[in-house]
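Residue numbering for the sequence shown follows the numbering used here, beginning at 461 and increasing consecutively. Taking it in order: structure first as structure tokens, then the write-up.
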Amino acid sequence: MKTLVTEDQLHDGIRRLAAEIQEHYDSKPLTLVGVMMGSVVLLADLIRALEAPLRVELLQARRDHTKGLGQGPLVIDEDLLSFGVRGRNVLLVDDIFHTGRTLWNLIPQIDDLGPTSVRTAVLLQKEGKAEVALKPDFVGFTIPDAFVVGYGLDYNDRYRNLPYLAALEPDEMK
Ligand code: IMP
Ligand code: MG
461 MKTLVTEDQL HDGIRRLAAE IQEHYDSKPL TLVGVMMGSV VLLADLIRAL EAPLRVELLQ
521 ARRDHTKGLG QGPLVIDEDL LSFGVRGRNV LLVDDIFHTG RTLWNLIPQI DDLGPTSVRT
581 AVLLQKEGKA EVALKPDFVG FTIPDAFVVG YGLDYNDRYR NLPYLAALEP DEMK
């Protein structure tokens with residue numbers, strides 16, 4: 461396992477990310493929609509860093525990775541979304557922008573619920589892996605292509621608790 465982003469770098473990056481979001485929305489009311497489960501640690505940090513009236517919602521979007529990373533069907537459970545979307549500025553919060561297909565599929569579904577705006581914030585964006593014509597609006601770190609764990613991101617339920625980000629070696633993913 462190789463450290464990719466240290467704990468200090470992570471804190472600095474999240475502070476920078478929150479400042480960009482803060483500047484964009486200018487303290488206007490905002491709805492953060494966390495894409496479970498990998499985003500929950502980032503979501504908790506953003507909640508504490510943003511100075512605006514915040515509503516927080518969660519939805520579940522997970523991919524069946526058994527056919528390879530990013531290959532299986534996307535399973536979206538938006539039943540959890542309630543009253544925080546219509547007429548609101550919505551910021552979708554996800555852990556990683558890999559192929560981009562998760563957010564690409566989610567945005568139209570959120571749009572159908574009548575928000576004022578929909579933007580996206582991700583902790584990480586993998587370089588050169590995007591398969592859709594979409595760029596996340598706010599990005600914490602751009603990283604090389606690797607399987608990343610820590611700070612809420614897991615591999616088979618492991619490493620979620622790491623306070624830093626690490627890349628797994630191929631022989632650690634068996
Ligand atoms: P996308 O739809 O290909 O952009 O994939 C995004 C989702 O795949 C993320 O929300 C993660 O749940 C998962 N994912 C992609 N790469 C990684 C990784 O390196 N570590 C952990 N989860 C990942
Ligand atoms: Mg995810």
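All C-beta atoms, glycine included, are put in the ideal place defined by N, C-alpha and C.
Taking the beta carbon of D468 as the centre, do at least 16 other beta carbons fall within 10 Å, making it buried, or is it exposed? Under this definition D468 is an exposed residue.
Whole angstroms is fine: what's the gap from L470's alpha carbon to V500's? So the two alpha carbons sit approximately 15 Å from each other.
What is the residue span of the alpha helix (DSSP H) that R476 lies within? Per DSSP, R476 belongs to the alpha helix (DSSP H) from 467 to 485.
For R579 versus L541, is the C-beta spacing smaller than 8 Å? Not a contact, by the Cβ cut-off of 8 Å.
L583 and L502 closer than 8 Å at C-beta: Going by beta carbons, L583 and L502 fall inside the 8 Å limit.
Does the structure place the region 590 to 601 close enough to the region 556 to 572 that three or more beta carbon pairs sit under 8 Å? Here the region 556 to 572 lies against the region 590 to 601, with 3 or more beta-carbon pairs under 8 Å apart.
Let me confirm a value: R546 is counted as buried when at least 16 other C-beta atoms fall within 10 Å, else exposed. Which label applies? Exposed, by the Cβ-count rule.
Tell me which same chain residues have a C-beta within less than 7 Å of the C-beta of W564, skipping the five on either side of it? Cβ-Cβ distances below 7 Å link W564 to V592, L594 in the same chain, with the five nearest sequence neighbours on each side left out; the list follows chain order.
With a threshold of 8 Å on Cβ separation, who are the neighbours of E511 within its own chain once the five nearest residues in sequence on each side are excluded? Excluding sequence positions up to five before and after E511, its CB lies within less than 8 Å of the CB of Q482, S487, all in the same chain and listed in chain order.
Which stretch, first to last residue, makes up the alpha helix (DSSP H) that contains T409? A query on residue 409 cannot be resolved here, the shown segment of the chain reaching from 461 to 634 and no further.
Would you report the Cα separation of L628 and L492, rounded to the nearest angstrom? The alpha-carbon of L628 is positioned some 29 Å away from that of L492.
Euclidean distance between Cα positions of Y485 and G588: Using only the alpha carbons, I get a separation of about 29 Å.
Given the structure, does R561 come close to the ligand IMP, in the sense that its CB is under 7 Å from one of the ligand's heavy atoms? Yes, the beta carbon of R561 sits closer than 7 Å to at least one heavy atom of the ligand IMP.
For the ligand IMP, is there any heavy atom lying closer than 7 Å to the beta carbon of V553? Checking the Cβ of V553 against the ligand IMP gives no.
Classify L506 as helix, strand or coil using the three-state DSSP reduction. Note: L506 maps to helix in three-state DSSP.
Check: F601 C-beta below 7 Å from any heavy atom of the ligand IMP: For the ligand IMP, not one heavy atom lies less than 7 Å from the Cβ of F601.
How would you call P575, buried or exposed, if buried means at least 16 neighbouring beta carbons within 10 angstroms? With 16 or more other Cβ atoms within 10 Å, it is buried.
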